[in-house]
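Using numbering that gives the first Met the number 0, the letters of the sequence shown correspond one by one to residues 0 to 66.
By construction, the Cβ of each residue, glycine as well, lies at the ideal position given by its N, Cα and C atoms.
For reference, the structure is listed below as structure tokens.
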Amino acid sequence: MDPHHKAAVALLRLMTQPKAITQELLEELREFFSDDQLIELTLDVMKWNYQKVSVALGTDRKSVMVN
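Here it is, written out as structure tokens:
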């Protein structure tokens, strides 16, 4: 995996533990992503994690889809 993707995956893994996102990781991410891109990436991950609720509960995914 290239460094660009490794940095993104590191952010994704730590999003459920915000205090685990270190200044060092943020500096690495900013080598590859603008602030706007980091916000978009974070919101995309939040969207996909939100959809896991319906899967875990066995509910209709369409009723909780986020666009």
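Is the beta carbon of residue i less than 8 angstroms from the beta carbon of residue j?
| i | j | result |
| --- | --- | --- |
| Leu13 | Ile20 | yes |
| Ala7 | Leu40 | yes |
| Leu37 | Leu28 | yes |
Sort the options by Cα distance to residue i and report the nearest one.
| i | options | result |
| --- | --- | --- |
| Pro76 | Glu26, Gln50, Gln16 | Nothing can be reported for residue 76, as the shown portion of the chain is limited to 0 through 66. |
| Gln16 | Asp34, His4, Met45 | Met45 |
Between the alpha carbons of residue i and residue j, how many angstroms are there, rounded?
| i | j | result |
| --- | --- | --- |
| Leu56 | Phe31 | 36 angstroms |
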